[in-house]
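Before any comments, here is the structure.
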Amino acid sequence: MSIQTAKEVDDEAAAWALKVDGGGLDAEPTAELQNWLDGDPRRGGALLRAQAALSFLDRARALENGTPQSLAQPVSRGPGFTRRGMVAAGAGGVLAASLGAVAFLAGEGPRYATQLGEIRKVSLSDGSTVDINTSSILNVALHTDARNVVLHRGEAWFEVAKDPKRPFLVKAGVARFRAVGTAFSVRRMNEDAELLVTEGRVEAWLSGSDGGRVMIDAGSKILLGPDTPLRPESAPDEIERSLAWRGGQISLGGETLLEAADEFNRYNRRKLLIDNPVLARRQFVGLFRTDDPHSFALAVAATSGARVVEDAEAIRLR
Amino acid sequence: MDQTRSEIVAWVGGQILPHEADLRGWLRRGGASECDVDDIVQEAYCRLAALKSVSHITNGRAYLFQTARNVALERVRRARIIRIDYATEIDALNILDSEPSQERVVDSRRELQRVRILIEALPERCREVFKLRRIHGLSQREVSDLLNVTENVVEAQAARGLRLILAALAGEANADPKVSGRPAHEHPNRKRGR
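Sequence order for the protein chains is S and P. Basically this note's numbering = 1-based index in the first sequence + 229. Basically this note's numbering = 1-based index in the second sequence + 93.
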């Protein structure tokens, strides 16, 4: 027997309510009714509700007779973001990619760094913006014929102003990403770099490899590293959730508690630790502030029966 | 002391059922999906059905909301994937916020008006049968003779009428502005009830 929906149960209950009504509510249920009631625990409640509706109507007859806060900040240029860097690079007159190491460093442009837990929005002079996630370091060099970003550590989301004459290139380890006008994020993870494209297309390849290049469309992502296949994956919902940090939030969509803790620990000095292996594998859905692992832990405890133990160093769930 | 079934049914009809639509709105505000709401409400009625007496309950509405909240939280905890934000929302739902305005509680004329609207909204055949049976108190046989249809038709139409009224009681956006003023998202199948 298949399981009935709530509505199917209600509909059968309505028919029973009318039948019983004729025979009197306080009589013992007939064998047939009892059989129906025993078939599904929900039926008793549904019958009561249907009978209550009749009673409600009869009563009428009697009466008739008698945000997260926005983290967007105004332009916040790092020290040394002047024309000097651009002129120096412009004097090179060639693409940064073809420059030697020393020359490249000279043309790396200003450096932006965020502290643990800091999320920062930077407006660039070409009209592009960069949202920089926690514990990240990057350099941005805007040349006359190219825009070069080096992501040394962490994660950033780029909203690139359209300029076909100046391709926007992001280096992250051995990974390379090129866009003209589009929006995407790059996260460095040791040797690998993950690209999430939110708008337009981005070209991705590995430096020093003849493995070819691949175009990644909006809603797709790719993990690029020495040992990863050049295979993009469509995951629009996941990408949207992954970028919740731009609003200072962590969006969980069925991640395990262990994965969730790793995510919180990217932003906070006081670490979230899961001492219970069964609990660590349970999956969670929800939207949380990156800077409030305490509330998250309490919510986990309240919904899963776990216990929270805290000290100055860590918040433990067990 | 145990109460009779008819006493309990009358109490549920007078003190619980009129608040069901508000309860559903309240649960949706807490982030429950339409499917969750149906299941939670059904389970809440099951718990009421298990009561031998309701004489200890002074405020039916608050009791209903409290019961539904307990059901919702237990469901969240049992789920394979725990929706924390939903659980905290449900947990944070304030029973006091759910209180209706005072005049709504005492105004029996409005209650009568509400029943009239429910019955008048039924399809014609169904309404006719339903009125003769429930308002005028005719038996199934009498209605069958009067309308010159079989008793099976009378029975089927009466059941249909009750189903539609139950659906309307569940779905109607009623006079409580705290409920009806909220955006009505995520429930495309409620339009008919309005």
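Even glycine gets a Cβ: it sits at the ideal position worked out from N, Cα and C.
Asked, Found
"Please return the same chain residues whose Cβ sits closer than 8 Å to the Cβ of P:Leu225, not counting the five positions on each side in sequence.", "Leu231, Glu235, Val236, Leu239 and Leu240"
"Per DSSP, what kind of secondary structure is S:Asn419 in: helix, strand or coil?", "coil"
"By Cβ distance below 6 Å, which residues in the same chain neighbour S:Ala279 in space, the five residues on each side in sequence not counted?", "Ala242, Ala243 and Ala246"
"Can you tell me whether P:Cys128 is buried or exposed? The criterion is at least 16 other CB atoms within 10 Å of its CB, across all chains shown.", "exposed"
"Please state the DSSP three-state secondary structure of S:Tyr496.", "coil"
"Nearest chain S C-beta to P:Glu136 closer than 8 Å, yes or no?", "yes"
"Smallest Cα separation from S:Gln344: which of S:Ile468, S:Gly268, S:Leu254 and S:Arg498?", "S:Arg498"
"Can you give me the Cβ contacts of S:Asp520 inside the same chain, cut-off strictly under 8 Å, excluding the 5 residues immediately before and after it?", "Gly346, Gly477, Tyr496 and Asn497"
"Measure from the alpha carbon of S:Thr485 to the alpha carbon of each residue in S:Val537, S:Gly274, S:Ser436 and S:Arg510, then state which is nearest.", "S:Arg510"
"Could one say the Cβ of P:Arg218 lies closer than 8 Å to chain S's Cβ atoms, at least one of them?", "no"
"What residue ranges within the stretch 395-478 of chain S form continuous alpha helix (DSSP H) runs of no fewer than 4 residues, ordered along the chain?", "465-471"
"Along the stretch 268-287 of chain S, where does the CB come closer than 9 Å to a CB of chain P? Name the residues.", "Pro270, Arg271, Arg272, Gly273, Gly274, Ala275, Leu276, Leu277, Arg278, Ala279, Gln280, Ala281, Ala282, Leu283, Ser284, Phe285, Leu286 and Asp287"
"Going by beta-carbon coordinates alone, are P:Ala142 and S:Gly273 separated by less than 8 Å?", "yes"
"Considering only residues of the stretch 123-147 of chain P, which uninterrupted alpha helix (DSSP H) runs meet the minimum length of 4 residues and lie entirely inside it, listed in chain order?", "127-142"
"What are the residues that DSSP puts in a beta bridge with S:Gly482?", "S:Val514"
"Mark P:Ser99 as exposed unless 16 or more other C-beta atoms lie within 10 angstroms of its C-beta, in which case mark it buried.", "exposed"
"Which residues in the same chain have their Cβ closer than 7 Å to the Cβ of S:Asp446, if we skip the five residues on either side of it in sequence?", "Val426 and Arg430"
"What are the boundary residues of the alpha helix (DSSP H) that includes S:Asp360?", "Counting along the chain, S:Asp360 falls outside any alpha helix (DSSP H), though it belongs to the beta strand (DSSP E) covering Thr358 to Ile361."
"For S:Leu334, which residues in the same chain have their Cβ closer than 7 Å to its Cβ, ignoring the five residues on either side in sequence?", "A caution first: S:Leu334 carries a pLDDT of 41, below 50, which makes its placement in the model unreliable, though a value can still be read off. Hits under 7 Å: none found."
"Decide yes or no for the touch test of the stretch 116-130 of chain P against the stretch 524-544 of chain S: beta carbon pairs closer than 8 Å, at least 3 of them.", "no"
"When the Cβ atoms of the stretch 107-115 of chain P are set against those of the stretch 151-166 of chain P, are three or more pairs found closer than 8 Å?", "yes"
"Tell me, please, which residues DSSP counts as bridged to P:Ile156.", "The sequence given here has Tyr at residue 156 of chain P, not Ile. Per DSSP, none; premise fails for P:Tyr156."
"Name the DSSP bridge partner or partners of S:Leu367?", "S:Tyr341 and S:Leu380"
"Anyone know if the C-beta pair for P:Leu259 and S:Ala282 falls short of 8 Å?", "yes"
"Between S:Asn368 and the rest of its own chain, which residues show a CB-CB distance below 6 Å, the 5 nearest in sequence each way excluded?", "Glu337, Gly338, Arg340 and Val379"
"Taking C-beta pairs closer than 7 Å, name the residues in chain C that P:Val147 reaches, listed in chain order.", "Here chain C cannot be found, since the structure's protein chains are S and P."
"Tell me, which residues are paired with P:Trp104 by DSSP?", "Per DSSP, none; premise fails for P:Trp104."
"Relative to the C-alpha of P:Arg227, which residue among P:Ala125, P:Ile212 and P:Glu217 is closest?", "P:Ile212"
"Under a CB-based cut-off of 8 Å, is P:Val198 close to chain S?", "Summary for P:Val198: the model assigns pLDDT 49, below 50, so the residue's position carries little reliability; its value from the coordinates is reported in the next sentence. Taking Cβ atoms only, chain S never reaches closer than 8 Å to P:Val198, which makes this a no."
"Does chain P have any CB closer than 8 Å to the CB of S:Asp521?", "no"
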